[in-house]
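Novice: After the structure tokens below, expect a handful of questions from me.
Residue numbers (this note's numbering): 777 to 986.
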């Protein structure tokens with residue numbers, strides 16, 4: 777696709793485990809969102825039980841997902857047999873990211889179950905991808921409201937830019953939409969490091985988790 781093409785398909789990777797009430801809130805916010813007749817596929821990834829035995833909370837999550845009515849595209853519920861943890865759920869939800877970016881018509885969005893999205897999130901996200909998809913230095917786009925300055929942890933950050941969006945580099949995993957090329961390269965790097973015995977830890981900047 778030519779640069780500036782606005783994507784017309786969204787694939788939501790919803791990561792969950794044992795929090796039915798937050799999951800219900802997220803599902804309700806997704807249902808209320810404006811998709812402008814675009815195709816929106818919903819993939820639910822339910823982590824496996826710890827110790828081989830499911831909990832009442834996890835069972836409630838499973839029951840909740842079985843009752844989902846999703847009219848915007850394909851619905852797929854993935855029930856993991858083993859507990860892989862949050863990191864494992866993240867790394868395993870999009871294993872086939874195209875290393876060449878594909879045709880740039882599809883956007884992937886990863887949501888943890890304790891989130892809630894704006895009704896206009898897709899309108900904003902697809903236009904941002906239409907503008908920035910072909911940047912080779914982009915790891916992804918986040919829906920996270922940025923209120924912290926990454927350089928020193930200051931609680932406020934203000935840009936005198938009116939209502940115009942702007943590109944700003946800061947880690948943001950809440951509502952993260954990975955760049956397909958960067959994500960494919962990251963998974964390849966992670967697989968190689970894991971083979972060497974590497975285990976991920978929380979990223980810290982000046983003593984604070986980011």
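Ideal Cβ positions, reconstructed from N, Cα and C, are used throughout, including at glycine.
#1: Based on DSSP bridge pairs, tell me the residues matched to residue 888.
#2: Taking C-beta to C-beta, are residue 885 and residue 803 nearer than 8 Å?
#3: What separation, rounded to the nearest whole angstrom, lies between the Cα atoms of residue 888 and residue 844?
#4: Within 10 angstroms of the Cβ of residue 806, are there 16 or more other Cβ atoms? Answer buried if so, exposed if not.
#5: For residue 794, which residues in the same chain have their Cβ closer than 7 Å to its Cβ, ignoring the five residues on either side in sequence?
#6: Which first and last residues belong to the beta strand (DSSP E) in which residue 864 is found?
#7: Can you check DSSP and say which residues form a bridge with residue 822?
#8: State the beta-bridge partners of residue 816 as determined by DSSP.
#9: Can you tell me which of the three DSSP states residue 1068 falls into?
#10: Quick one: what's got a C-beta closer than 7 Å to residue 858's C-beta in the same chain, skipping five residues either side?
#11: Taking the straight line between their C-alpha atoms, what separation do you get for residue 862 and residue 869?
#12: Going residue by residue through the region 890–972, where are the continuous alpha helix (DSSP H) segments of at least 4 residues, counting only ones entirely within it?
Specialist: Taking the coordinates as given:
#1: Working through the chain shown from its first residue, we reach residue 888 at position 112. Per DSSP, 791.
#2: Locating residue 885 in the chain shown gives position 109, where the first residue counts as 1. Locating residue 803 in the chain shown gives position 27, where the first residue counts as 1. No, they are not a contact pair.
#3: Taking the chain shown and counting its residues from 1, the one referred to as residue 888 is at position 112. Taking the chain shown and counting its residues from 1, the one referred to as residue 844 is at position 68. Their backbone Cα atoms lie some 17 Å apart in a straight line.
#4: On the chain shown, residue 806 is found 30 positions in, with the first residue counted as 1. Buried, since its Cβ has 16 or more Cβ neighbours within 10 Å.
#5: Against the chain shown, residue 794 aligns to sequence position 18. If we look at residue 794 and ignore the five residues flanking it on each side, its Cβ neighbours are 831, 833, 834 and 837.
#6: Taking the chain shown and counting its residues from 1, one reaches residue 864 at position 88. Careful: residue 864 lies outside any beta strand (DSSP E), inside the alpha helix (DSSP H) at 861–868.
#7: As a working mapping, residue 822 is identified with position 46 in the chain shown. Paired residue(s): 792 and 855.
#8: Taking the first residue of the chain shown as 1, we reach residue 816 at position 40. Paired residues: 786.
#9: The structure shown does not extend to residue 1068, since the chain spans only 777 to 986, so no value can be given for it.
#10: For this step, residue 858 is matched to residue 82 along the chain shown. Around residue 858: 824.
#11: The residue given as residue 862 occupies position 86 in the chain shown. The residue given as residue 869 occupies position 93 in the chain shown. If you take the alpha carbons of residue 862 and residue 869, they lie about 11 Å apart.
#12: 897–908 and 956–971
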